[in-house]
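In terms of this note's numbering, the sequence shown opens at residue 8 and continues consecutively.
The C-beta atom is built at its ideal place from N, Cα and C for all residues, glycine as well.
The model shown is predicted, which means the values in this text are computed figures rather than measured ones.
Structure, as structure tokens:
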Amino acid sequence: MVGAWLLLAGFSSLWLGVAWDGQWHVDVGPDTFFTAPHLMFYFGTSLIGLTSLAVVLKSQRDMGPALRVFGLRTPLPFLVGGLGAAGHLLYGATDLWWHTVYGFDILEDTPSHLSLSIAMQVQAIAVIMAFAALRTTTSGRWGLAAAGALNVAAASILLDGTLLGIDLTVLAGGAIAAWTLSAIAGTTRTARWVLAVGLVFIAVQAATYFFPLLATELYADGIGQPIRDYALGLPVVALAMPAVFPIVAAIVAAAIELLRRRDLAPITAMTVVGAGVGLMAALYMSFLEPDAGPLLNIPAITAMGALGGRFGWQCAALMRRLGSREAVVV
8 MVGAWLLLAG
18 FSSLWLGVAW
28 DGQWHVDVGP
38 DTFFTAPHLM
48 FYFGTSLIGL
58 TSLAVVLKSQ
68 RDMGPALRVF
78 GLRTPLPFLV
88 GGLGAAGHLL
98 YGATDLWWHT
108 VYGFDILEDT
118 PSHLSLSIAM
128 QVQAIAVIMA
138 FAALRTTTSG
148 RWGLAAAGAL
158 NVAAASILLD
168 GTLLGIDLTV
178 LAGGAIAAWT
188 LSAIAGTTRT
198 ARWVLAVGLV
208 FIAVQAATYF
218 FPLLATELYA
228 DGIGQPIRDY
238 ALGLPVVALA
248 MPAVFPIVAA
258 IVAAAIELLR
268 RRDLAPITAM
278 TVVGAGVGLM
288 AALYMSFLEP
298 DAGPLLNIPA
308 ITAMGALGGR
318 FGWQCAALMR
328 RLGSREAVVV
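Written as structure tokens, this is what we have:
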């Protein structure tokens with residue numbers, strides 16, 4: 008159980024460090040590899056990596072069938088977490104090289120930043136898997152809800168820009184939100200924990216709203232860096248998060264209960280629910296950005312949501328095979 012909670016602690020540090028780093032770049036600017044926001048998110052990913060390594064080493068003393076990688080017994084959540092953490096550290100070094108050669112980024116979607124975002128999403132999924140193994144306990148289910156909320160939060164900054172007129176941020180965010188809610192419903196077999204994901208998301212967004220602003224101001228003052236004259240003092244990462252998600256989670260929870268009573272096949276029900284999540288994401292985007300091309304975005308994002316919901320249920324069937332051995336005490 009401790010292993011799963013250490014993964015959650017590591018990802019929380021990683022997420023808040025990333026939010027702080029984004030705020031620092033907007034409000035202050037100059038940084039180095041050893042700037043405090045960087046140290047915070049690298050601490051988080053290092054904690055995930057070291058925890059994963061410790062669990063793998065401890066697992067060698069266990070008996071019985073297990074997944075083996077290079078001859079080592081490897082609990083699946085910690086294999087995924089370790090790979091995500093290793094990728095994050097590797098791409099962090101790549102990002103340092105990129106900045107050394109090319110200077111400041113003009114866009115968010117540079118190769119190094121995109122790789123870092125994907126590695127962060129992999130780590131978020133590892134945390135979900137670790138708590139899926141603890142789904143039989145109340146604390147484990149709350150950990151699963153927290154992991155789901157953080158996964159949706161991370162998805163809000165996974166991609167940037169447009170492709171063929173389709174908003175990639177909303178496309179990825181809608182699909183991952185649908186996947187997350189479907190996976191939580193399938194893992195716990197109840198709609199109440201879908202609602203819990205939305206409630207925990209409120210806390211995650213609040214922390215993402217207040218922490219980066221306060222930390223940026225205190226740290227800049229501590230090292231003698233001035234805040235930019237044109238800094239608006241707005242939490243850039245928190246504002247990128249979908250504030251409507253708790254409402255979406257509540258609607259999904261109600262829809263799951265309704266579809267269950269109609270005795271619809273679960274895989275079909277979660278495909279429909281996922282399509283609904285994608286549609287709500289697309290409509291929310293169209294409300295905020297009326298010129299975003301709804302004729303392209305609404306069908307594309309709805310379709311990706313349907314795929315996310317269907318895939319989430321299929322992943323839940325696999326995650327329900329994870330037992331408490333996959334969340335080893337370290």
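Pick from F40, F41 and A26: whose alpha carbon is nearest that of D34? A26
Take L21 and list the residues in its own chain whose beta-carbon comes closer than 6 Å to its own, dropping the five residues that flank it on each side. F48, G51 and T52
For R75, the three-state DSSP class (helix, strand or coil): strand
From Q67 to R80, what distance separates their C-alpha atoms? 6 Å
Using only the alpha-carbon positions, how far apart do G10 and I209 sit? 25 Å
Looking at C-alpha atoms only, which residue of A289, G56, T58 and F40 is the closest neighbour of W104? F40
C-alpha distance - A131 paired with I234, whole-angstrom precision: So the alpha carbons of these two residues sit roughly 32 Å apart.
Which of the three DSSP states is assigned to D174 in this structure? strand
Taking a contact to mean a Cβ-Cβ separation below 8 Å, would you say I183 touches A162 in this structure? yes
Measuring CB atoms only, is the region 138-150 touching the region 263-272, in the sense that at least three cross pairs come out at less than 8 Å? no
Euclidean distance between Cα positions of L13 and I258: 31 Å
Do you know offhand how far K60's Cα is from D236's? The sequence as given places Leu at residue 60; Lys does not occur at that position. Between L60 and D236, the C-alpha separation is close to 45 Å.
Quick check on the burial criterion: 16 or more other C-beta atoms within 10 angstroms. Buried or exposed for F85? buried
Just the C-alpha distance for A276 and F294, rounded to the nearest angstrom, thanks. 27 Å
Between G155 and I191, what straight-line distance do the alpha-carbon atoms span, to the nearest angstrom? 7 Å
Under a Cβ-count criterion, where at least 16 other Cβ atoms within 10 Å of its own Cβ denotes burial, should G315 be classed as buried or exposed? buried
Determine the direct distance from the alpha carbon of P297 to that of V335, and round the result to whole angstroms. Caution applies to V335, whose pLDDT of 48 falls short of 50 and renders its modelled position unreliable; the model cannot decide the point.
Which residues bound the alpha helix (DSSP H) around P249? Taken as a continuous stretch (DSSP letters only), P249 belongs to no alpha helix (DSSP H), as it is neither H nor E.
Inter-residue spacing [alpha-carbon to alpha-carbon] between M8 and A153: 15 Å
S124: first and last residue of the uninterrupted alpha helix (DSSP H) it sits in: P118 to A139
Could you give the distance in angstroms between the alpha-carbon of T309 and the alpha-carbon of A282? 5 Å
How far does the alpha helix (DSSP H) with E224 in it extend, from its first residue to its last? First-last of the alpha helix (DSSP H) with E224: R199 to I230.
In terms of DSSP beta bridges, what is T353 paired with? Given that the chain is displayed from residue 8 to residue 337, the structure contains no residue 353 and the question cannot be resolved.
Can you tell me where the alpha helix (DSSP H) with I274 in it begins and where it stops? In this chain, the alpha helix (DSSP H) harbouring I274 covers P273 to L295.
Going by alpha carbons, who is nearest to A16 out of V177, V204, T187 and A133? A133
Taking the C-alpha atoms as reference points, what is the distance between I230 and L96? 26 Å
Please go through the same chain and pick out, in chain order, the residues whose beta-carbon is closer than 8 Å to the beta-carbon of A299, but skip the five residues on each side of it. D174, M292 and S293
What are the partner residues of R80, as DSSP defines its beta bridges? R75
Length of the line joining the Cα atoms of L195 and N304: For the sequence presented, residue 195 should be read as Thr rather than Leu. Rounded to the nearest angstrom, the two C-alpha atoms are 32 Å apart.
Buried versus exposed, by CB contacts within 10 Å (16 or more), A263: It is Ile, not Ala, that sits at residue 263 in the sequence shown. I263 comes out buried.
Measuring straight from C-alpha to C-alpha, what distance separates G89 and I55? 7 Å
Assuming P306 is part of the alpha helix (DSSP H), what are its boundary residues? P301 to M326
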